[in-house]
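Each remark here refers to the structure printed beneath this line.
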Amino acid sequence: MTAFPAPVALRSFARARDAWPLDPAIVHLNHGSFGAPPTAVIEHQDALRRQGDLNPVAWFPTLGERTREARERTAPFVGARADDVAFVPNASAAATVVYNAMHLEPGDEIIVTDHGYGAVTMGAERLARRTGATVRTVAIPLLASDDEVVDRFAAEIGDRARLVVVDQITSPTARLMPTRRIADIAAHHGARTLIDGAHAPGLLPDAASAAGGTWWFGNLHKWPCAPRGSALLVTTAADRDDLWPLIDSWNAHDPFPSRFDYQGTIDATGYLATPTAIEFVEREIGWERTRTAMTEMADAGAEAIAAAFRRFADAEPLTPVPSPVPSMRLIRLPRGLGATREEADALRAEILPATGIETAFTSFGGAGYVRLSVHLYTEASDIERFVDVAVPWLVARAGIR
Numbered sequence: 089m090t091a092f093p094a095p096v097a098l099r100s101f102a103r104a105r106d107a108w109p110l111d112p113a114i115v116h117l118n119h120g121s122f123g124a125p126p127t128a129v130i131e132h133q134d135a136l137r138r139q140g141d142l143n144p145v146a147w148f149p150t151l152g153e154r155t156r157e158a159r160e161r162t163a164p165f166v167g168a169r170a171d172d173v174a175f176v177p178n179a180s181a182a183a184t185v186v187y188n189a190m191h192l193e194p195g196d197e198i199i200v201t202d203h204g205y206g207a208v209t210m211g212a213e214r215l216a217r218r219t220g221a222t223v224r225t226v227a228i229p230l231l232a233s234d235d236e237v238v239d240r241f242a243a244e245i246g247d248r249a250r251l252v253v254v255d256q257i258t259s260p261t262a263r264l265m266p267t268r269r270i271a272d273i274a275a276h277h278g279a280r281t282l283i284d285g286a287h288a289p290g291l292l293p294d295a296a297s298a299a300g301g302t303w304w305f306g307n308l309h310k311w312p313c314a315p316r317g318s319a320l321l322v323t324t325a326a327d328r329d330d331l332w333p334l335i336d337s338w339n340a341h342d343p344f345p346s347r348f349d350y351q352g353t354i355d356a357t358g359y360l361a362t363p364t365a366i367e368f369v370e371r372e373i374g375w376e377r378t379r380t381a382m383t384e385m386a387d388a389g390a391e392a393i394a395a396a397f398r399r400f401a402d403a404e405p406l407t408p409v410p411s412p413v414p415s416m417r418l419i420r421l422p423r424g425l426g427a428t429r430e431e432a433d434a435l436r437a438e439i440l441p442a443t444g445i446e447t448a449f450t451s452f453g454g455a456g457y458v459r460l461s462v463h464l465y466t467e468a469s470d471i472e473r474f475v476d477v478a479v480p481w482l483v484a485r486a487g488i489r
């Protein structure tokens with residue numbers, strides 16, 4: 089039997105779960121995809137929205153200043169200066185901002201990996217089509233060590249490389265990448281590096297400053313539990329005034345980052361409520377303890393789910409990737425399940441109405457995996473429910489008797 093950690097207690101709540109308004113009829117084991125803001129954060133955002141709705145003529149002209157104040161409070165959380173940080177709607181938007189600023193020519197190379205987030209890689213491919221550049225993919229084995237990852241990049245990055253796109257924490261495979269070492273190799277060849285830190289804020293202390301590279305971006309609606317539609321783009325590059333928001337508005341003549349602070353009539357309350365989310369976790373338990381609690385629950389959950397799959401598996405289900413992160417673990421599925429991204433996405437859509445369980449599935453190298461994803465509100469009963477209900481459903485789905 090797996091020994092699970094006790095439910096997390098917060099300063100204001102006997103159970104962390106009580107701080108989140110999640111549907112109690114659903115088992116929530118996929119925090120990493122869309123996040124989940126606590127009730128206090130939702131209430132703060134609702135109050136901000138109401139303030140704007142009650143007096144829009146007073147609200148919108150002051151929105152740029154409010155956004156600036158929010159990024160000043162948020163920037164230290166990722167180890168950055170406020171003057172180096174811009175709010176953007178999400179990680180993919182940040183990548184698009186950078187791609188739009190790139191000046192590439194035919195024959196230039198964009199380097200990506202087979203662990204990259206699909207939408208960000210698609211953006212790199214569109215950039216290549218627009219400019220005549222070429223996208224090259226670095227293949228990295230699932231269980232490659234950091235040194236092996238660096239060696240793969242060293243072998244692939246040449247003098248024609250202009251942009252290297254690499255995840256700080258990989259979304260499909262839930263591992264930390266040695267981005268600073270990769271960025272150093274890229275710089276040696278005259279290439280710049282875009283670090284996809286979508287999952288990094290909250291899971292890594294000072295995520296932006298730790299990453300290295302030319303540009304970094306990270307989502308705040310995931311592990312920091314900010315409202316959806318809140319992310320950061322961070323850079324100290326000398327040419328950062330080439331970066332423009334996706335909407336030209338009345339701050340367009342301002343330099344980076346203040347030109348990003350005002351975007352007309354968009355709902356910027358997600359940005360404004362982000363410091364509340366970060367400060368909520370710090371006040372209630374602390375970020376270091378949060379990372380420890382998530383690690384303990386992710387490890388215990390992965391062990392329990394792997395044990396349930398083991399007698400049905402054609403390979404060891406527990407998949408201890410090198411450089412794991414606090415909150416996510418991979419457990420290999422029985423053969424025939426989730427072998428492609430499309431099949432993995434289909435499983436995610438089917439399992440919720442069938443079992444009442446939210447979870448993520450991913451694929452890599454022709455194999456399917458559960459990507460277990462926990463937060464402070466996750467408890468042993470959630471994992472036990474997955475073992476008792478989801479595992480039999482998945483085994484039956486695989487046609488195993």
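Those letters in the sequence shown? Residues 89 to 489, by our numbering.
In this text, a Cβ means the ideal position worked out from N, Cα and C, and glycines have one as well.
Here D255 is bridged, per DSSP, to D284.
At a Cβ-Cβ threshold of 8 Å, T407 and L421 do not count as neighbours. DSSP assignment within the segment 272–357 yields the following whole alpha helix (DSSP H) runs of 4 residues or more, N-terminal first: 295–299. When rounded, the separation of the alpha-carbon atoms in V115 and R423 is 25 Å. For A97, the three-state secondary structure derived from DSSP is coil.
Counting only unbroken stretches of 3 or more residues, the beta strand (DSSP E) elements lying wholly within the segment 128–214 are 173–176 and 197–201, in sequence order. Of the candidates L291, G389, G152 and I245, the residue whose Cα lies closest to the Cα of L460 is G389. Put simply, of D106, A113 and D329 the residue whose alpha carbon is nearest the alpha carbon of P441 is A113.
Excluding its 5 nearest sequence neighbours in each direction, A448 has C-beta neighbours in its own chain below 7 Å: N118, G120, S121, R436, R459 and S461, listed in chain order.
In its chain, beyond the 5 residues on either side, I273 have a beta carbon closer than 8 Å to the beta carbon of A242. Under the 10 Å beta carbon count, A484 is surrounded by fewer than 16 other beta carbons and is classified as exposed. DSSP places R103 outside both helix and strand once states are collapsed to three, so it counts as coil. Going by DSSP, S451 is part of the beta strand (DSSP E) stretching over I445 to F452. With a beta-carbon spacing of about 7 Å, P345 and D171 fall inside the 8 Å limit used to define contacts. Taking 8 Å as the cut-off, the beta carbon of I445 is found closer than this to the beta carbon of A478. Sorting G374, I366 and L251 by C-alpha distance to the C-alpha of H132 places I366 at the top.
In the same chain as V238, and ignoring 5 residues on each side of it, the C-beta atoms closer than 8 Å to its own belong to P266, R269, I270 and I273, in chain order. Taking the Cα positions, R217 is about 43 Å away from F474. Per DSSP, H116 is one residue of the beta strand (DSSP E) stretching across V115 to L117.
Annotated three-state conformation of Y457 is strand, per DSSP. Annotation: V462 is outside any beta strand (DSSP E) and is labelled neither H nor E by DSSP.
When DSSP assignments are scanned along the segment 356–411, the uninterrupted stretches of alpha helix (DSSP H) that are 4 or more residues long and fall wholly within it turn out to be 357–372 and 375–397. Take the alpha-carbon of A97 and the one of L192: they are about 52 Å apart. Taken through DSSP and simplified to helix, strand or coil, T90 comes out as coil. Annotation: the continuous beta strand (DSSP E) that includes V226 extends over T222 to V226. Under the 10 Å beta carbon count, A212 is surrounded by 16 or more other beta carbons and is classified as buried. When C-alpha distances from A168 are compared across A262, A295 and I257, the shortest belongs to A295. Assignment of R250 by DSSP, reduced to helix, strand and coil, places it in the strand class.
Between A394 and the set R103, D476 and W375, the nearest pair of CA atoms involves D476. Between D330 and the set P343, L264 and L321, the nearest pair of CA atoms involves P343. Following the DSSP letters along the chain, one finds I471 in no beta strand (DSSP E) but inside the alpha helix (DSSP H) bounded by residues A468 to R473.
Between V226 and E244, the C-beta spacing is below 8 Å. In the three-state DSSP reduction, R420 falls in the strand class (E or B). Only residues of its own chain outside the window of five on either side were considered, and among them none has a CB closer than 6 Å to the CB of P149. By the C-beta density criterion, T353 is exposed, having fewer than 16 other C-beta atoms within 10 angstroms. Between P177 and G317 a beta carbon distance of about 5 Å is seen, short of the 8 Å cut, so the two are scored as contacting.
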